[in-house]
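Numbering (this note's numbering), first residue to last: 1474 to 1564.
For every residue, glycine included, the Cβ atom is placed at its ideal position computed from N, Cα and C.
Before any comments, here is the structure.
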Amino acid sequence: MSPDKNELQAINTAWQIAIQEILRMVIRDMYHGSSEEAFKTHIKRIEEAAVDSIRTDLRLRGTDEWTEVLVKERASNFVTTLLTSFTYDRA
1474 MSPDKNELQA INTAWQIAIQ EILRMVIRDM YHGSSEEAFK THIKRIEEAA
1524 VDSIRTDLRL RGTDEWTEVL VKERASNFVT TLLTSFTYDR A
């Protein structure tokens, strides 16, 4: 029996929140000693590299071109949304 739509949405949302919080902590710890400008530069570099990697290296086996393009677009948007949500915090 497959999970219903609400359960899949809950799993997806929980996964996104978990990944976001892990990344927030890692990035905060990595760049804690930096200035706000350096922090923003690092975040932008990570975003650009991740989006470039998604668009050039992601291979989806057994999918058609339309699905692959859609997944890459959504993944790229998720990366941008996630990383631009991070703010500089000295604490």
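For residue i, is the classification buried or exposed, using 16 other Cβ atoms within 10 angstroms of its Cβ as the cut-off for buried?
{"i": "Leu1531", "result": "exposed"}
{"i": "Leu1533", "result": "exposed"}
To the nearest whole angstrom, what separates the beta carbons of residue i and residue j, a pair I think is in contact under 8 Å?
{"i": "Ser1549", "j": "Ile1519", "result": "About 13 Å; that fails the 8 Å criterion."}
Would you check if the distance between the CB atom of residue i and the CB atom of residue j is smaller than 7 Å?
{"i": "Ala1551", "j": "Ile1516", "result": "The sequence as given places Phe at residue 1551; Ala does not occur at that position. It is not a contact, given that the beta carbons lie outside the stated cut-off."}
Would you report the Cα separation of residue i and residue j, rounded to the nearest angstrom?
{"i": "Thr1553", "j": "Thr1514", "result": "14 Å"}
{"i": "Ile1495", "j": "Tyr1561", "result": "16 Å"}
TODO: Examine the Cβ distances between the stretch 1486 to 1500 and the stretch 1531 to 1547 and report whether three or more of them are shorter than 8 Å.
DONE: no
Open item on the list: Check whether the stretch 1477 to 1487 and the stretch 1501 to 1517 touch, using three or more Cβ-Cβ pairs below 8 Å as the test.
Closed with: no
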